[in-house]
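First up is the structure itself, then whatever we jot down about it.
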Amino acid sequence: MKKFNFRKVLDGLTASSPGSGSGSGAGGGSAHPGGTAGAAGTPRDEIQETLTSDYFQICKTVRHGFPYLPTALAFDPVQKILAIGTRTGAIRILGRPGVDCYCQHESGAAVLQLQFLINEGALVSACADDTLHLWNLRQKRPAILHSLKFNRERITYCHLPFQSKWLYVGTERGNTHIVNIESFILSGYVIMWNKAIELSTKTHPGPVVHLSDSPRDEGKLLIGYENGTVVFWDLRSKRADLRAYYDEAIHSVAWHHEGKQFMCSHSDGSLTLWNLKSPNRPFQTTIPHGKIQRDGKKPESCKPILKVEYKTCKSSEPFVIFSGGLSYDKACRRPSLTIMHGKAITVLEMDHPIVDFLTLCETPYPNEFQEPYAVVVLLEKDLIVVDLTQSNFPIFENPYPIDIHESPVTCTEYFADCPPDLIPVLYSVGAKHKKQGYSNKEWPISGGAWNLGAQTYPEIIITGHADGSVKFWDASAITLQMLYKLKTSKVFEKQKSGEGKATAEIVEEDPFAVQMMYWCPESRIFCVAGVSAYVIVYRFSKHEVNTEIASLEVRLQCEVEDIITPEPEIIPQFPDASSQLPSLKSLSGSTNTVACEGMMKDSIPCLSVKTRPVRMPPGYQADLVIQLVWVDGEPPQQITSLAVNSAYGLVAFGNCNGLAVVDFMQKTVLLSMGTLELYGSSDPYQRQPRSPRKSKQFAADNFCMRGLSNFYPDLTKRIRTSYQSLTELSDSPVSLELERCKSPTSDHVNGHCTSPTSQSCSSGKRLSSADVSKVNRRGPGRPPFRKAQSAACMEISLPVTTEENRENSFSRSRSSSVSSIDRDSKEAITALYFMESFARKNDSAVSPCLWVGTGLGMVLILSLNLPASDDLRQSEPVLVSPSGTVLTLKGAVLTFACLDCTGTLIHPPYEVWRDPHSADDGEKTRKRKLVMHSPSSSQDMGDHQFAVICSEKQAKVFSLPSQTCLYVHNITETSFLLQADVVTLCNSVCLACFCANGHIMTLSLPSLRPLLDINYLPVTDMRIARTFCFSNEGQALYLSSPTEIQRLTYSQEMCDNLQDMLGDLFTPVETPEAQNRGFLKGLFGGSGQAFDREELFGEATAGKASRSLAQHIPGSGGIEGVRGAAGGVIGDLTRARIALDERGQKLGELDERTASMMASAEAFSKHAHEIMLKYKDKKWYQF
3 MKKFNFRKVL
13 DGLTASSPGS
23 GSGSGAGGGS
33 AHPGGTAGAA
43 GTPRDEIQET
53 LTSDYFQICK
63 TVRHGFPYLP
73 TALAFDPVQK
83 ILAIGTRTGA
93 IRILGRPGVD
103 CYCQHESGAA
113 VLQLQFLINE
123 GALVSACADD
133 TLHLWNLRQK
143 RPAILHSLKF
153 NRERITYCHL
163 PFQSKWLYVG
173 TERGNTHIVN
183 IESFILSGYV
193 IMWNKAIELS
203 TKTHPGPVVH
213 LSDSPRDEGK
223 LLIGYENGTV
233 VFWDLRSKRA
243 DLRAYYDEAI
253 HSVAWHHEGK
263 QFMCSHSDGS
273 LTLWNLKSPN
283 RPFQTTIPHG
293 KIQRDGKKPE
303 SCKPILKVEY
313 KTCKSSEPFV
323 IFSGGLSYDK
333 ACRRPSLTIM
343 HGKAITVLEM
353 DHPIVDFLTL
363 CETPYPNEFQ
373 EPYAVVVLLE
383 KDLIVVDLTQ
393 SNFPIFENPY
403 PIDIHESPVT
413 CTEYFADCPP
423 DLIPVLYSVG
433 AKHKKQGYSN
443 KEWPISGGAW
453 NLGAQTYPEI
463 IITGHADGSV
473 KFWDASAITL
483 QMLYKLKTSK
493 VFEKQKSGEG
503 KATAEIVEED
513 PFAVQMMYWC
523 PESRIFCVAG
533 VSAYVIVYRF
543 SKHEVNTEIA
553 SLEVRLQCEV
563 EDIITPEPEI
573 IPQFPDASSQ
583 LPSLKSLSGS
593 TNTVACEGMM
603 KDSIPCLSVK
613 TRPVRMPPGY
623 QADLVIQLVW
633 VDGEPPQQIT
643 SLAVNSAYGL
653 VAFGNCNGLA
663 VVDFMQKTVL
673 LSMGTLELYG
683 SSDPYQRQPR
693 SPRKSKQFAA
703 DNFCMRGLSN
713 FYPDLTKRIR
723 TSYQSLTELS
733 DSPVSLELER
743 CKSPTSDHVN
753 GHCTSPTSQS
763 CSSGKRLSSA
773 DVSKVNRRGP
783 GRPPFRKAQS
793 AACMEISLPV
803 TTEENRENSF
813 SRSRSSSVSS
823 IDRDSKEAIT
833 ALYFMESFAR
843 KNDSAVSPCL
853 WVGTGLGMVL
863 ILSLNLPASD
873 DLRQSEPVLV
883 SPSGTVLTLK
893 GAVLTFACLD
903 CTGTLIHPPY
913 EVWRDPHSAD
923 DGEKTRKRKL
933 VMHSPSSSQD
943 MGDHQFAVIC
953 SEKQAKVFSL
963 PSQTCLYVHN
973 ITETSFLLQA
983 DVVTLCNSVC
993 LACFCANGHI
1003 MTLSLPSLRP
1013 LLDINYLPVT
1023 DMRIARTFCF
1033 SNEGQALYLS
1043 SPTEIQRLTY
1053 SQEMCDNLQD
1063 MLGDLFTPVE
1073 TPEAQNRGFL
1083 KGLFGGSGQA
1093 FDREELFGEA
1103 TAGKASRSLA
1113 QHIPGSGGIE
1123 GVRGAAGGVI
1133 GDLTRARIAL
1143 DERGQKLGEL
1153 DERTASMMAS
1163 AEAFSKHAHE
1173 IMLKYKDKKW
1183 YQF
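Start counting the sequence shown at 3; every next residue gets the next number (our numbering).
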């Protein structure tokens, strides 16, 4: 355990050293020159840092949500597990709740078809790159055992008969090959297309679209070709028993269980039923959804029936289930699944196109009554299961979290190790809103096994959505279950069509999209920032209430549009307010509307809050709505930061114009200032006024709805605006002064201004000084809110035009001279943090503070003057004033944290939750109970703090109250951080960072030693940048696709224990016995011959296949399972178990070879003896 002596570090500090350095070495860091060594107070002798690099390891844990772009479906009727393949080469295997496995083909080729080896713990996948893979499911992380790559033919269809080890593979050329599943080697037995069809046929029959063996005789194979030809092939005699022709293309074929009839679905919406005894024409043809013609002609054609299943029942009519086949004249009808049962036809309309469906039956044997009990329907964006045992065909309630994308996810928050009472409380209020009408049967996909594992702490994930909904999920023990859904749109009036022209320019169809969320689990205060420039503060209550919703309006406008310039002498005096269009309006409630360009919008919020009393059910209830308003024809800007503190009763938010602080207890605006005003006389930068015309152009470009479509292009076509890319910004006209000057954040290293033309930090006079009266002014303000995640990833978008830009789009700093913040001189508020801290150098005790970080790397501390007693909190005003403290970093500020002098994380104070509408105990219940975290239990240690500040470029640790920079670590020079958080791990604390170049890093605190740096995840999509978040105990997550959440861990301990936490896909289950067919049925009902596929397809009879046809690729086997558990005892045990299995397998093979050799020797001996007897009595001349 390494110890770091702070006294030695402080002794080396000098007040005037201009140098800067990078504390990238272990325990290293250069001192910030801004303070003297003695100013830090009495330094502590030593701080023990318990975390080392051995505590960290990156590994994916589990993926939740609906498989993105699904293509294939398979079900094991004995194991009762379901597999879904996708266009991206992924496979999701689902069983009982908690059993959810994700695996990925390395090639990334789309999955065409999946086939389970029923009750064998294996799965065959056929991919679009014409490769077959055999997956081993008898381990918690499935791995590929074998692969077979077809070189000359394209795979179109596969079929694996029940309890067979020979896989039939149809190809685009019309040929059928046979693969041995055990060895994954191609058999020499091939059914060539020209042998299957009649010699007189002059045209190619097309690709193979169906393969299945006859339920009556395994030695007969039914081959369906695309052009309408069906061939019944005798595998023994290697010839076609019969051929059937139809003039419409075939999409699928299904057998009757007796093996005497089969049904085909066709491209004209027809179903044909064929009898093997009369194959010349179908004995029944129907077009289920076709209109019957009056003159008795054939019904008119319909859309193709893409798949049909024909399932028989012992006690009722058979089920015919198919997808598609609707009439062409009903173009607006939704995709449907049709269930024909006897004379009854039921059409189930779906919300999304049908990808595939499967009928679940009681028996795995194809030659028995099937007794279907459910249909699994895979849609493009959903998975539903229909109960066939009830006449109204209800659906089962889905236990999987596959509705994450019900509305596109716009933001995420992750809370590990949160208060344990939250999950049952949220579930209790969420359960009251459960939908009715589901089937009362058990969920039929119930395979696998799952247990809680060793991880016991509760976890909650919160997702914000484009329709304004917020979902709370129980994420404990690597599962995901919906707890509670909150609809934030309910506080606003519904917009009527054709109304609200003012808002139409800002948002089109998703005006309630959630942009940011802030949750305090202890006080249960929840705050949402929306895309239409609003913030809603919610309180939690177990009681229903009818009440009006309080609302405020805030004008937040930059007082002067300016540009940073290295020539301070040209700064003009503060101009008259009337001479500048974007002037700061007072908060007195008056509206100074400028009417110079027609009807200019001013003081108009984007949405209308409901004015009548609203019924609020138990759960989260709106306490206050704060709206930003238009100012002089300019829409509100995106919110870039949000923070709430329940103990102070304050909510703060900022955008590129400035900062607003609101008292949500007294429902008043405490502060609404431009960023420039917050500095007072402490501004280190020199700026010059800019043309109002350009500022208006920027505002129109940068308003509310920028950004969602780039993250979710496939799901949010309704959301029309996108984040402005750097390449677009580089084409805009820029002043020559800006092109000449460097980025202010790169010119200021460790707080010193190094630009030769810039003045000292205190010499630049602000264009307006922030006096106390201005700071504390209060009025009916409303905050215009726009969220652009900490100024960072919001300024970059993926669509780029040139190769160079594509390569560099994630390696440019947002604070560089080409970023929109610098170009348009708007210094956005990128980070906010409420804390009991030292606001000034001379402070002897901590006091309530608001830390403010900006896009230019500036850190300001605002002092909060709260009433002395809780009794006065509702009546006495809260005063907010700048402290004058300014700290600097390179790049936009991302996060803050405070440590006490022992290196322990100090949590911000909070109010213990109390039900605001409870009638129990009267005033006693109403009394506020605050938890103020003292820095340490020791009496003499409360005079010292460490402030941890991380920007997109570097991290710094300051000693407070001296404001001395103790450590600095330059995290990246060529890229920038997207996310940074101070998190707890193993009862210690560290700084976790996610960089735009894909690196995940952790740094020790307070010494900022690198502990982990792994190139883990290339940021190929803005969605990842937008949704990546860290949590405590080594947990993190991001949205890996528009429909899926990927969770990962950076904790070595969790990587070691992961194998125990994952569910088992395979459990030992007895295969059900086949029904006794009876003597007469066995005698007359089918082929009496036993069919030996081994004899027919084996190398001895069929020979070897051409080597050039397909290439065998050995898989990694169980290695993947070992990787998940590598490094710990579990890994050793897993390796030992696999070694034993392999040894046992080799011994078994040796045994078999020995037995084979003995049998061979016996046969040779017997044969030799027979020859000897035959020729024993013959003379030599008789041979």
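All C-beta atoms in this analysis are idealised placements derived from N, C-alpha and C, irrespective of residue type, glycine included. Nothing here was measured: the structure is a model prediction, and the numbers come from that model.
List the residues that DSSP assigns as beta-bridge partners of residue i.
| i | result |
| --- | --- |
| I1026 | Beta-bridge pairing links I1026 to no other residue. |
| T274 | C266, T287 |
| H343 | F321, A346 |
| A1102 | Answer is none; A1102 lacks a bridge partner. |
| G326 | I307 |
Are residue i and residue j close, meaning C-beta to C-beta below 8 Å?
| i | j | result |
| --- | --- | --- |
| F68 | L385 | yes |
| H258 | H268 | no |
| Q947 | L968 | no |
| L273 | V232 | no |
| E174 | P207 | no |
| V539 | D665 | no |
| I323 | T361 | yes |
Among the options, which residue has its Cα nearest to the Cα of residue i?
| i | options | result |
| --- | --- | --- |
| V388 | I341, L609, V959 | I341 |
| L223 | H161, G1105, D945 | H161 |
| V378 | L454, T481, I641, I86 | I86 |
| I183 | S149, A145, N177, P209 | S149 |
| F58 | F960, G1036, G123 | G1036 |
| L125 | Q81, A111, R89 | Q81 |
| N972 | Q965, A957, V984 | A957 |
| T856 | S865, T73, V895 | V895 |
| S1110 | L188, G110, S610, C304 | L188 |
| P217 | P1008, Y367, D358 | Y367 |
| K279 | F528, A74, Q263, D56 | Q263 |
| M484 | P99, A468, V664 | P99 |
| S393 | V427, D131, S318 | S318 |
| G190 | H1171, L1175, A1112 | A1112 |
Three-state secondary structure (DSSP) at residue i?
| i | result |
| --- | --- |
| M934 | coil |
| R1155 | helix |
| Q639 | strand |
| H206 | coil |
| H1169 | helix |
| G1174 | In the sequence under discussion, the amino acid at residue 1174 is Met, which differs from the Gly named in the question. Three-state result, M1174: helix. |
| G27 | Only weak support is given to the placement of G27: the predicted model assigns it a pLDDT of 37, under 50, and the question is left unresolved by the model. |
| T490 | helix |
| D1062 | helix |
| E1046 | strand |
| V101 | coil |
Which word fits residue i, buried or exposed, when buried means at least 16 other C-beta atoms lie within 10 angstroms of its C-beta?
| i | result |
| --- | --- |
| A1165 | exposed |
| A145 | buried |
| Q286 | exposed |
| Q115 | buried |
| I347 | exposed |
| S877 | exposed |
| T16 | Here T16 scores only 32 on pLDDT, less than 50, and its place in the model is too uncertain to base an answer on. |
| Q872 | Sequence check: residue 872 is Asp here, not Gln. By the neighbour-count rule (16 or more Cβ atoms within 10 Å), D872 is not buried but exposed. |
| T1045 | buried |
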